[in-house]
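**Student:** A single structure is presented below for examination.
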Amino acid sequence: LLERPPKNVAHKKQSLLSPEMYKMILGQSLYQTVVLLGGVVALPYYKQDGVQVLSQLEINSIIFNSFIMCQLFNLIACRKINPKEYNIFAGLHKNFVFLLILLL
Numbered sequence: 196l197l198e199r200p201p202k203n204v205a206h207k208k209q210s211l212l213s214p215e216m217y218k219m220i221l222g223q224s225l226y227q228t229v230v231l232l233g234g235v236v237a238l239p240y241y242k243q244d245g246v247q248v249l250s251q252l253e254i255n256s257i258i259f260n261s262f263i264m265c266q267l268f269n270l271i272a273c274r275k276i277n278p279k280e281y282n283i284f285a286g287l288h289k290n291f292v293f294l295l296i297l298l299l
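In my numbering, the protein residues as written are 196 to 299.
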């Protein structure tokens with residue numbers, strides 16, 4: 196068990212979410228909304244030689260796979276939230292449990 200007060204929560208009025216966390220949450224939500232809604236709106240209009248190429252099932256599969264890829268990107272990108280840490284891949288190979296979850 197933790198034998199010290201948690202960081203950034205020593206005071207009752209202090210927020211659990213830092214400004215960097217708010218930026219990551221807002222950025223990821225906007226990114227995923229644009230990508231997924233863009234796919235939902237644009238893919239039904241994708242035609243080749245005047246014939247619709249994708250069926251509704253294929254469009255739904257592409258949107259679902261795009262959602263999964265966005266979540267995997269979010270999983271990797273949100274590991275580093277400090278403003279001075281730019282390399283999101285630093286230390287990725289050191290955490291075996293994280294890699295296992297990422298691969299599953």
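We put the beta carbon where it would ideally sit given N, CA and C, even for glycine.
(1) According to DSSP, simplified to helix, strand and coil, what is residue 246?
(2) Give me the residue from 214, 234, 196 and 213 with the minimum Cα distance to residue 257.
(3) Quick one, are the C-beta atoms of residue 283 and residue 274 less than 8 Å apart?
(4) Would you mind reading off the limits of the alpha helix (DSSP H) that contains residue 260?
(5) Cα separation between residue 269 and residue 198?
**Tutor:** Here's the rundown:
(1) Taking the sequence shown and counting its residues from 1, the one referred to as residue 246 is at position 51. In the structure shown, residue 246 sits in a strand (DSSP, three-state: E or B).
(2) On the sequence shown, position 62 is the one that residue 257 refers to. Relative to the Cα of residue 257, the nearest Cα in the group 214, 234, 196 and 213 belongs to 234.
(3) Residue numbering aside, residue 283 sits at position 88 when the sequence shown is read from its first letter. Residue numbering aside, residue 274 sits at position 79 when the sequence shown is read from its first letter. Yes. Within cutoff.
(4) Here residue 260 is taken as the residue at index 65 of the sequence shown, counted from 1. Segment 251-272, the alpha helix (DSSP H) holding residue 260.
(5) The count along the sequence shown starts at 1 and reaches residue 269 at position 74. The count along the sequence shown starts at 1 and reaches residue 198 at position 3. In this structure, the CA atom of residue 269 is about 31 Å from the CA atom of residue 198.
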